[in-house]
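Participant: Numbering (our numbering), first residue to last: 902 to 1074. Glycine included, each C-beta is placed from N, C-alpha and C at the ideal position. Just so it is clear, the structure is predicted and the values come from calculations on it, not from any experiment. Shown below is the structure under consideration.
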């Protein structure tokens, strides 16, 4: 399964870009999945809930199935699992998707699109770390990776379709 990451510093527009990419890529008939990466330890399954009791009793995975949404909670052994294995396990539930877009996570090896705005007063990550595949900005930037204008999403979409989506997955526009 193909996966790309949209990375950047806080308040540079990652979430907006992910939403825009999903909206545009679905116009091509693609099934898109998204993952929001976080460094925070969120307890998504909370005490007092039935699903929490199931997990405390020893269930290795607990699912919640409602009329319009579903979720699966499964604890991870962060100390003994590689980043690759963490993603492989997680995206298995998204196997029907043509592409997964991850918001965040600069450390895991995968193609990364950096969103950057000079007005935020920081330098692009592409100048500090390896692994950035392209920068999306409306500002001038000196970098060795391709630069796409944020105001012209069509070039970003074309780059994704050309480099990260199997041609047979693309339907009529």
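Can you give me the start and stop residues for the alpha helix (DSSP H) that residue 1020 sits inside?
Facilitator: Counting along the chain, residue 1020 falls outside any alpha helix (DSSP H), and DSSP gives it neither H nor E.
Participant: DSSP beta-bridge partners for residue 1004?
Facilitator: 907 and 937, per the DSSP bridge assignment.
Participant: Kindly indicate the opening and closing residues of the beta strand (DSSP E) around residue 997.
Facilitator: Where residue 997 is concerned, there is no enclosing beta strand (DSSP E), given that its DSSP letter is neither H nor E.
Participant: If you count every other CB in all the chains shown that lies within 10 Å of the CB of residue 1041, and 16 or more means buried, which is it?
Facilitator: Residue 1041 comes out exposed.
Participant: Going by CA-CA distance only, name the one from 1050, 952 and 903 that's closest to residue 966.
Facilitator: For residue 966, the nearest C-alpha among the options comes from 952.
Participant: Where DSSP assigns a beta bridge to residue 915, which residues make up the other side?
Facilitator: Residue 915 is not bridged to any residue.
Participant: Should the segment 1023–1040 be called in touch with the segment 931–938, which here means at least 3 C-beta pairs below 8 angstroms?
Facilitator: With the cut-off at 8 angstroms, the segment 1023–1040 and the segment 931–938 do not touch.
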